[in-house]
Structure formats: structure tokens, C-alpha cells
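Okay, structure first, notes after.
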Amino acid sequence: MNGTFWREKLRTGVTSPLHWVSMIVMRFFTSAFTTFVLFLSVTSCGFLKKEKVPPAPVSVPVTAPKTSSYTPRSLNAAPLRNPNVALSGAFQGGEASHSFGNRSKPYIAMTFDDGPHPVHTPRLLDMLKRRNIRATFYVIGHKVERYPHIIRRIVAEGHEIGNHTWKHDNLTKLSNAQIIADLQRSTNAIAKVTGVRPRTMRPPYGALYGAQRQMVYNRLGMPSILWDVDPQDWKRPGPSVVSSRIVNGTKPGSIVLAHDLHGPTVDAMPAALDGLLRKGHQFVTVSQLLAQKGQ
Ligand SMILES: [Zn+2]
């Protein structure tokens, strides 16, 4: 039509009113049609988008029992910030040995001796991780060389490593020079594997004379760490006995002795740790506990 219109215009030099009317009508319908097509496209896209939106999730109210101050957290829940991370571990010297920390603060230290064990220690680490608890591991030097990956995991997950001698000798039967050489050998093995040096030591069986403790402290700067809660777990009285002894015996400032060498001791830990949390205790490492002493 346009071609005809312009040919007519060129031929005659004028445009008849009929042509003008037909032009206007035609352009009106063309514009209307285009607008209609555009409208259809936009609205259909809108409908498609709307259909793809998933239905809103149904919120289920979560109810927690009010019977205790501690509620175990789901593994899927967002992890809580561990208040102990910010607690200083820079303890000042003075005492050559410690059996407990500050009695007027809520902090306690769980300690695990004689590991690492290839099965029980990783199991224990899982339990501690689930509860966001930090502990201290008094490891045996020759086992550090044997299970370096477990020692690295202990450090990587925020726990503290302590020196528990090279092969668990009774130090009271050794000379001063032998004691120092033994502890240094273990310290070097730990430092080589993890990059950190232990700051405290625990004598096997708790056996170290006062003069020897002072000698170790003067020479190596490491206080001897004993305990005030001993569940006698190495006698294997059963997990429920071990857990109840720990929960009942622990008070503010306590240092709890346990052995990750023994399977039943690790079996006792979920009940022991949850029981301690319910009583309001807060877990710190031994260095942190010592740093709180005298404050
Ligand atoms: Zn031991």
C-alpha cells in the first residue's frame, strides 16, 4: 500500500484525501497490533516467572526443653561463637606446679593423657568439635612421630598440646639431666610436627618430686600440671561411672584428668561434657586456666 501511495504521489504530485485517511487508519492499526503483541509478550513472561517461584517454606516452631541451662545444638544449626577463643592464654610464671585454677571463675580445663590414639582420639575430637569445646592433650613423644596427622588435627581445631614425656617413664627415677633431655625430645617432636611448642608438662603418674618440678620449671619454663578431678578411668569402671565422677567432682577452676588412650573413657565423654555444660562450666585450655589464676 505504501508503495502504491508513493507511486501515486509521484505521478500526480498531490495526495488525495482518501490516501491520507487510508494511511492514518493503517498506521493506527499497525501501531495497535504492535502494542498488543508487546503486551502479550511481557505479560506471558511475567506469568512464566511467577510460576517458577517456589512456594514459601513452611516454618515449624522449634521448642526446647526449659529444664536445663544447656540445650544440645543440632549439627545443622549455626555455630555459636566460642567465648573462650578471646580468653588470654598468656599466663605469668611463679608456681612450678598447678592442680587447679581460679575457683571464683566458671572456667575448667579438660585434659586427656597418653595419646594420640589412632581411633579414640579422632572420635574424641569429633565430640569436642560438636560442642565447640577446647581441651588440652598431654601427648607422648614417640606417638607424636607415629600419628603426626592426629597431632596436627588437635592443634588445627584449637586445642592445646602439653608434654607428657617421650615414653611415659616415671621421672622420679631419672636424673635431672635425663628428665630435661626426655622433655626436650618430646617438645622438639611436637614442634616439628605442629609448629607449636608445648608450654606445660604433666609428669606420668603425677610422679615428680617438688625439687624436680622446680628444676623443670627453672630450666624449661614449663610448670607441672596435675589435677583435682580424677575419675580413675584407667581402671575402666564403665563409661557411666566415669562421666558421673567427672560431673560430680568438677567445680570452678578444676583440672580434670582423663585418658583418650582408653575407648570407654571416650565413650563417657558425651555424657560428661554435656553434664558439665549443664552445670554452667566453661571449657578453656590449661594455659588459659592458668592465665585466669590470680585475676
Ligand atoms: Zn600418662
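Numbering (our numbering), first residue to last: -7 to 287.
Think of the CB as a built atom: it goes at the ideal place given N, C-alpha and C, for glycine as much as any other residue.
Leaving aside the five residues before and after Asp222 along the sequence, list all residues of the same chain whose C-beta is less than 7 Å from its C-beta, in chain order. These residues qualify, in order along the chain: Leu249.
In terms of residues, what are the limits of the alpha helix (DSSP H) holding His141? That run of the alpha helix (DSSP H) goes 140 to 148.
Beta-bridge pairing of Gly314 - partner residues as DSSP gives them: Outside the displayed span of the chain (-7 to 287) sits residue 314, for which this structure offers no information.
Tyr201 lies in the alpha helix (DSSP H); which residues open and close that run? It is not in any alpha helix (DSSP H) - Tyr201 carries neither H nor E in the DSSP assignment.
So, Tyr99 versus Leu218, is the Cβ gap smaller than 7 Å? Going by C-beta atoms, Tyr99 is not nearer than 7 Å to Leu218.
Beta strand (DSSP E) segment containing Ile100, residue limits: In the DSSP assignment, Ile100 falls within the beta strand (DSSP E) that extends over 99 to 105.
State the start and end residues of the unbroken beta strand (DSSP E) segment that holds His251. Start and end: 247 to 251.
Own chain partners of His254 with C-beta closer than 8 Å, once the 5 adjacent residues on each side are dropped: Here the set comprises His112, Asp225, Trp226, Arg228.
From the DSSP secondary-structure annotation, give me the bridge partner or partners of His90. His90 is bridged to Ile217.
Put Gln287 into one of helix, strand or coil per three-state DSSP. Per DSSP, reduced to three states, the secondary structure at Gln287 is coil, with no helix or strand assignment.
Please write down, chain order preserved, every residue whose beta carbon lies under 5 Å from a heavy atom of ligand 1. Taken from the N-terminal end onward, the list reads Asp105, Asp106, Pro196.
Which whole-angstrom value describes the C-beta separation of Ile153 and Thr186, a residue pair presumed to lie in contact below a C-beta threshold of 8 Å? About 7 Å separates the two Cβ atoms, so the contact holds.
Give the secondary structure of Gln224 by DSSP, where H, G and I count as helix, E and B as strand, and everything else as coil. Gln224: coil per DSSP, three-state reduction.
Three-state class that DSSP yields for Gln206 in the structure shown: In this structure, Gln206 counts as helix in the three-state DSSP scheme.
The alpha helix (DSSP H) spanning His273 covers which residue range? DSSP places His273 in no alpha helix (DSSP H); its state is neither H nor E.
Shortest alpha-carbon distance to Gly86 belongs to which of Gln206, Lys97, Lys271? Per the C-alpha coordinates, the member of Gln206, Lys97, Lys271 positioned closest to Gly86 is Gln206.
Is Lys97 closer than 7 Å to Gln284 when the C-beta atoms are compared? A distance below 7 Å separates the beta carbons of Gln284 and Lys97.
Ordered along the chain, which non-local residues of its own chain (more than five positions away) have a Cβ less than 7 Å from that of Glu43? Residue placement at Glu43 is flagged as unreliable, the pLDDT there being 45, under the threshold of 50; a coordinate-derived value is accordingly withheld.
Identified DSSP bridge partners for Met193: Beta-bridge pairing links Met193 to Asn155, Ser216.
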